[in-house]
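Presented below is the structure to which this report refers.
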Ligand SMILES: [Zn+2]
């Protein structure tokens, strides 16, 4: 017997137990059924779900459940991006091993996900810190080394000289070590790289095939890959036989070069420093951090003359070679040609060190150009450029490239901003890099017994070095009968998240990294959902990995994610006290009692504990720094999962920011209570006769039309537009119509109500699955997961009468109801007979009568 009142606590755990017992979300390959692979970005097991997770995973679950109701074979897996720095930090802080901390967090968060009723196939659960997972990544990496797609190179890291350890970027606070506050240095150490640049062109071009991705994300990826066309050329060096290789995207400015700048780490600079103390000091200074690429634009440009002279490849003119802090060895060749008149950075440097500034580009329209106070960076027409003067920048690009080519010292070259992916991390909590370092200094991929390399988990973190470093029991191995050392660096955790989507297809396979048959059925991911903060690195690396997996025959297709949805942020009101020093002490919104006026503006905010007034700082992203995170668990405990799910889907369209509001959550609760009550009243009143749609009264006909209009709108909003909020609003409107219906107690009224309530239950079931499961059974059916999606009855949409607007001389004067099949003459006659219209027609002559079918009549009279 159905309960009279909606009690989520009584039904949600019961329904979840039913799903689990019947394994309803278990996904199995079925060649006869169209598949739908729905994936939300897996969480880092930080300890508790935050509201952003709840939003992300609700969107994914609604889409998955909707597709299932469309008859698709849906797979929706979930797992854990389990390696990473926070586990190490927690280990140091709480003296618990990272593995134990991670496993406990996973267990708690998994319970939270289950309590929200997400329809995951838990048999496919993955935790990336498990050897069963990362062993495949190690195996794959050895293949990449064999294919020369992974290589070792000396590269700079953040180094704390006091702790003698490498620091992650997050561990460098204002240029100093987070632990001991010692200024951080750059240190060059050997590290492993994956050759993503070999796929740069394809990664760029294939973006054009991703019609289901937001333009914004594709633009960010294009920009990151950064394809440019330019010229690579060689400057001679006076008195030497070697050359200085330089790349520029502005060869049209070549005749304006007044110096050449090289990186501090450039071999020429290093060599020149041997007998130049000033230069040696400068190079040492550049080694200290603060020269991250992001700082380059704003930092003070500094340099020292190397004393060397470069020779211009066309004119043979001699220009000085400087070492400059704004040139990085990691980018291009580590040397740039400087054209101060047409590059602002070069201009500032030239002004500072009194280097010549020579204008070689004039405005295309012939107007005056000055390079006295700033560089002129536009393209235009060449001036002061000898044989090239008068050419446009575009023509000069090719003419100068040809001239360089003829002299054998240059050519057109496509360049990418994208760098190879450095995957070495000197930290502990990650997959060990499967490399063996031999006594002779060479490195080889681990193989045979040495693979996989299992990370020891029973460790004590001393807070300085990774426990597998300086640890002979981990690193000492025999290789080909010779003593050797394991690599003690671990992989960047982006490695694990780059292929997990493919592993879900065959998560337990001990034969394959990815079972090609399973992957062939499930891939690509039909819908991927996650935050915009992953728009560049994660999505680029995953696309890259997919192409790598394709090239070894493990997957088909060129792209992993067919459609991408980036959900907006979750915002909440932030509150604070001002302390004596004028600083702000933030109070969590859950600890504040807020009163509002009828426009929703805050009139009073009081700290629940102290009773004191706090100030509102407006809506902002839920964050630790403003202490305005709302714990979803509290809302789930009070309102139940369905209310929280409904609210997160109703409060905003998925791509936009969601402003958390307690009153909004209460509104969602009231709505579900109304749905329940309507169903209860209908069901508890006894048997319902069959619907006879041909003989309905005008009111019931109108109600039924509203039902089918709603079905039409909701199907389109959810299925095509992903506008869940407007779909919910349409159901709310329908509910109002049903409650107002005066004939809902009559025999046919109850039949119309039943049709309406059943449609509502199925349409809401992707969003609020627990209550809908319960109501569907109460309505006499079995499992709402296998219910048919309601279909629009076109005949119900037909109107018996239509409303016609009457205009006199273009102004609306009245409205009339006419039979839907009335002809033009009947309608014109009815319009002229209308009493409101007649008041305007008295004493004038009708000149013209216009009828817009189904809409309006316009009578022109004077
Ligand atoms: Zn330190």
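Numbering (the working numbering), first residue to last: 28 to 889. Ideal placement from N, C-alpha and C gives every residue a C-beta, glycine not left out. The structure displayed is predicted, hence computed values, not measured ones.
(message) For the beta strand (DSSP E) containing residue 349, name the first residue and the last one.
(response) 345-351
(request) Report back the beta-carbon spacing between residue 814 and residue 784 to the nearest angstrom; my notes put them in contact at under 8 Å. (result) At roughly 13 Å, the Cβ-Cβ gap does not stay under 8 Å, so residue 814 and residue 784 are not in contact.
(request) Please name the residue or residues paired with residue 591 in a DSSP beta bridge. (result) 555
(request) Identify every run of the alpha helix (DSSP H) within the region 39-114, keeping only runs that are complete inside it and at least 4 residues long; order them along the chain. (result) 78-96
(message) Can you tell me whether residue 560 is helix, strand or coil according to DSSP?
(response) helix
(message) Shorter than 7 Å, the distance from the beta carbon of residue 280 to the closest heavy atom of ligand 1, or not?
(response) no
(request) Drop a sphere of 10 angstroms on the beta-carbon of residue 795, count the other beta-carbons inside from all chains shown, and report buried for 16 or more, exposed for fewer. (result) buried
(request) Pick helix, strand or coil for residue 29, following the three-state DSSP scheme. (result) coil
(request) Drop a sphere of 10 angstroms on the beta-carbon of residue 308, count the other beta-carbons inside from all chains shown, and report buried for 16 or more, exposed for fewer. (result) exposed
(request) Just grab the DSSP bridge partners of residue 192 for me. (result) 187
(request) Determine, using beta carbons only, whether residue 658 comes closer than 8 Å to chain D. (result) Here there is only one protein chain, and chain D is not present.
(message) Let me check one thing: in DSSP terms, what residues is residue 149 bridge-paired to?
(response) Its beta-bridge partners do not exist; DSSP assigns none.
(request) Rank 490, 508, 516 and 489 by C-alpha distance to the C-alpha of residue 501 and give the top, closest one. (result) 516
(request) Can you tell me which of the three DSSP states residue 432 falls into? (result) helix
(request) Can you give me the Cβ contacts of residue 235 inside the same chain, cut-off strictly under 7 Å, excluding the 5 residues immediately before and after it? (result) none
(request) Could you tell me if residue 414 is buried or exposed, where buried requires 16 or more neighbouring beta carbons within 10 angstroms of its beta carbon? (result) exposed
(message) Just to confirm my understanding: we take residue 96, look at its own chain, exclude 5 residues before and 5 after, and list those with CB closer than 6 Å. What are they?
(response) 816
(request) Identify which residue in 452, 482, 425 and 86 has its Cα closest to the Cα of residue 439. (result) 425
(message) Using a Cβ-Cβ cutoff of less than 6 Å, which residues in the same chain neighbour residue 682 once the five nearest sequence positions on both sides are dropped?
(response) 595
(message) I need the DSSP call for residue 547, collapsed to helix, strand or coil.
(response) helix
(request) Give me the Cα-Cα distance between residue 163 and residue 489, rounded to the nearest whole angstrom. (result) 30 Å
(request) Could you name the residues that DSSP lists as bridge partners for residue 442? (result) 255
(request) Pull up the DSSP beta-bridge partners for residue 598, would you. (result) 648 and 686
(message) Among the candidates 659, 528, 253 and 341, whose CA atom is the shortest distance from the CA of residue 77?
(response) 659
(message) Which residue marks the beginning of the beta strand (DSSP E) containing residue 6, and which one marks its end?
(response) Nothing about residue 6 can be reported from this structure: the residues present for the chain run from 28 to 889 only.
(message) Comparing C-alpha positions only, which one of 857, 116, 434 and 495 sits nearest to residue 195?
(response) 116
(request) Tell me, to the nearest whole angstrom, how far the beta carbon of residue 367 is from that of residue 260; I am working on the premise that it is less than 8 Å. (result) The pair is not a contact, with the Cβ atoms about 19 Å apart (cut-off 8 Å).
(request) Could you tell me the distance, in whole angstroms, from the CA atom of residue 318 to the CA atom of residue 613? (result) Any reading at residue 318 must be qualified, since the residue scores a pLDDT of 47, below 50, and its modelled position is unreliable; the value itself is stated next. Computed Cα separation, rounded: 34 Å.
(request) Use the C-beta contact count for residue 740: other C-beta atoms within 10 angstroms, 16 or more gives buried, fewer gives exposed. (result) buried
(message) So the candidates are 389, 600 and 810; which of them puts its Cα closest to the Cα of residue 50?
(response) 810
(message) Measuring alpha carbon to alpha carbon, tell me which residue in 265, 735, 568 and 429 is nearest residue 757.
(response) 735
(request) Identify whether residue 318 lies in helix, strand or coil by the three-state DSSP scheme. (result) Because residue 318 carries a pLDDT of 47, less than 50, the predicted location of this residue cannot be relied on, and the following value inherits that uncertainty. Three-state DSSP puts residue 318 in coil, outside helix and strand.
(message) Let me check you understand the geometry: is the CB of residue 513 closer than 7 Å to at least one non-hydrogen atom of ligand 1?
(response) no
(request) Compute the distance between the beta-carbons of residue 798 and residue 147, then report whether it is under 8 Å. (result) no
(request) Would you mind reading off the limits of the beta strand (DSSP E) that contains residue 634? (result) 629-634
(message) Less than 8 Å between the beta carbons of residue 590 and residue 555, yes or no?
(response) yes
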